[in-house]
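*Asks:* Supplied in structure tokens, the structure appears directly below.
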Amino acid sequence: MQPEVRLSKSETSITAYIQHELCVSSTASADLIGNEWWISRVFVHAKYRRQHIGTLLVKTLQTHASNLVVTPGGYDMEPVHQYGFYRSLGFVPDSILPEGLRWTATK
Ligand SMILES: CC(C)(COP(=O)(O)OP(=O)(O)OC[C@H]1O[C@@H](n2cnc3c(N)ncnc32)[C@H](O)[C@@H]1OP(=O)(O)O)[C@@H](O)C(=O)NCCC(=O)NCCS
């Protein structure tokens, strides 16, 4: 069964989150900068990774915020380890910023 995704949204920010257990959650957020929604955080609790929870959270953001943009990086992973995740969601680096700093969704 798919977990319940909850949503918190204002005019300039959106957060999708799943409460797995007491004090155990996964979350994805984006902020509106100009006319684009920049992903500021995607974090899936270590116990729940590789179960398509991150995919579900980002897809939920996408249904409420078009023009999602991301700079892969941060947390406990090197950007290179996040590339597979974003590629699987249809994100590719664009040419507006160099060195993979800006990835946009193609699907
Ligand atoms: C990156 C992260 C959000 C992925 O969440 P997840 O729920 O485990 O990802 P999914 O299960 O939805 O993965 C979807 C696809 O992405 C790719 N993928 C996910 N994690 C990957 C990894 N560590 N290495 C390579 N590819 C990966 C795979 O193709 C995967 O599909 P598959 O499992 O069927 O092969 C999670 O590992 C995490 O929270 N990491 C720490 C925080 C972080 O780095 N956030 C991103 C900041 S930009």
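Letter 53 of the sequence shown, counting from 1, is numbered 1411 in our numbering, and no numbers are missing. Using N, Cα and C, we set each Cβ at its ideal position, and we do this for glycine too.
1. Quick one: which unbroken alpha helix (DSSP H) runs of 4-plus residues sit fully inside the region 1363 to 1444? Chain order, please.
2. Which residue's Cα is closest to the Cα of Q1409: L1365, G1431 and I1376?
3. State yes or no: is the C-beta of D1389 within less than 7 Å of the C-beta of S1383?
4. Let me check understanding here. Comparing Cα to Cα, which of A1423, F1443 and G1448 lies closest to S1300?
5. Going by DSSP, what residue range makes up the beta strand (DSSP E) through P1451?
*Replies:* By the coordinates alone:
1. The alpha helix (DSSP H) runs of length 4 or more contained entirely in the region 1363 to 1444 are, from start to end of the chain, 1411 to 1422.
2. Ranking L1365, G1431 and I1376 by Cα distance to Q1409 puts I1376 first.
3. no
4. With the chain represented from 1359 up to 1465, any question about residue 1300 goes unanswered, as that position is not in the structure.
5. Membership of P1451 in the beta strand (DSSP E) is indicated by the continuous run F1449 to P1451.
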